[in-house]
Amino acid sequence: MTIIFGRNGLSRTKYTPLKSLDAPPPCSSRSIFISSLLSTAIVVLGVTLLSILSFIAGRHSLTIEGADSILNLTSRPHVFRYHRLFAEPPNSTTDKAWLSLFPTQGGFFKHPVLAPKRSTFAVFHQIHCLDGMRHGYWALFDLASHGQKLNETELPFHASPRHIRHCIDLLRNVLMCQPDLTLEVRDDELGGVTGFGTEHQCIDWRKLVDWTTEWETYQQEPGRKKKLHDHESRHHPHRIDD
């Protein structure tokens, strides 16, 4: 029996008489081997592509639809205002202001669906990096203003060149990954824009912080609870590349 494929993609069956067992095969063993190999490759490729598409669809569902339904965060209009406090040198007042942006224990949590392994939302890592750059800038500013020589070993980790390099490139990736496409109108007198006074669409930050705080203690190991206002507790351990 021979199966023939027509132009329209449909097949028809053509029956041919059986040949003698002593008759030579219609094609060589090499041709049969190549044909089998191609058929196997096509099947494997098809299964692989199907698996990849299923994996991508599953990830998309979990990270987008799943997270949205679990977090239930809403967007609202918000005008950017300049708060100099967050840009001032590190002290008890400014550090407390930065700590208020984080969940109670820094942001690491577990959730039965969203985060089976202890995780943190990337944004808390990114804010930690920005605060580290604040510390690094003012540490260097103080040394320069007092005419002191810089000894890298005396700098705290979050102000070290390695950490600053890490944070700069991380924030570069973040800004390019999800760019804020809000339009900022050019100030002709200034010759540019300040970034403040423009309305953006923003999620409810306090709601995100409260949700994360609620799940920080879920399945938490005994003795791992951290102090509320311990600055080092807000440090996000991460691998630093040179």
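Numbering of the sequence shown is given in the numbering used here, commencing with residue 126 and proceeding in unit increments.
For glycine and all other residues, C-beta sits at the position ideal for the given N, C-alpha and C.
In this structure, residue 317 and residue 289 do not form a Cβ contact; the two beta carbons are roughly 26 Å apart against a cut-off of 8 Å. In the DSSP assignment, residue 201 falls within the unbroken beta strand (DSSP E) covering 200 to 204. Where residue 242 is concerned, the enclosing beta strand (DSSP E) starts and stops at 240 to 244.
Annotation for residue 249: no beta strand (DSSP E) segment contains it, though the alpha helix (DSSP H) segment containing it runs 247 to 270. Taking the Cα of residue 226 as reference, the smallest distance to any Cα among 311, 236, 246 and 280 is reached at 246. Taking 4 residues as the shortest admissible run, the region 322 to 346 contains the following complete alpha helix (DSSP H) segments, listed from N- to C-terminal end: 330 to 341. Cα atoms of residue 215 and residue 205: separation of roughly 23 Å, rounded to the nearest angstrom.
Residue 307 has its alpha-carbon roughly 31 Å from the corresponding atom of residue 218.
In this structure, the alpha-carbon of residue 298 lies about 33 Å from that of residue 274. Between residue 342 and residue 228, the C-beta gap is not smaller than 8 Å, which leaves the two residues out of contact. Per DSSP, the continuous beta strand (DSSP E) segment holding residue 235 begins and ends at 234 to 236. With contacts defined by Cβ atoms closer than 8 Å, residue 210 and residue 222 form a contacting pair. For residue 193, the enclosing alpha helix (DSSP H) stretches over residues 192 to 196. Here residue 259 is buried. Its C-beta has 16 or more other C-beta atoms within 10 Å. Just measuring C-alpha positions, the residue of 344, 340 and 347 sitting nearest residue 232 is 340. Taking residue 280 as the centre and dropping the five residues before and after it, the same chain places the C-beta of 264 closer than 7 Å to its C-beta, in chain order.
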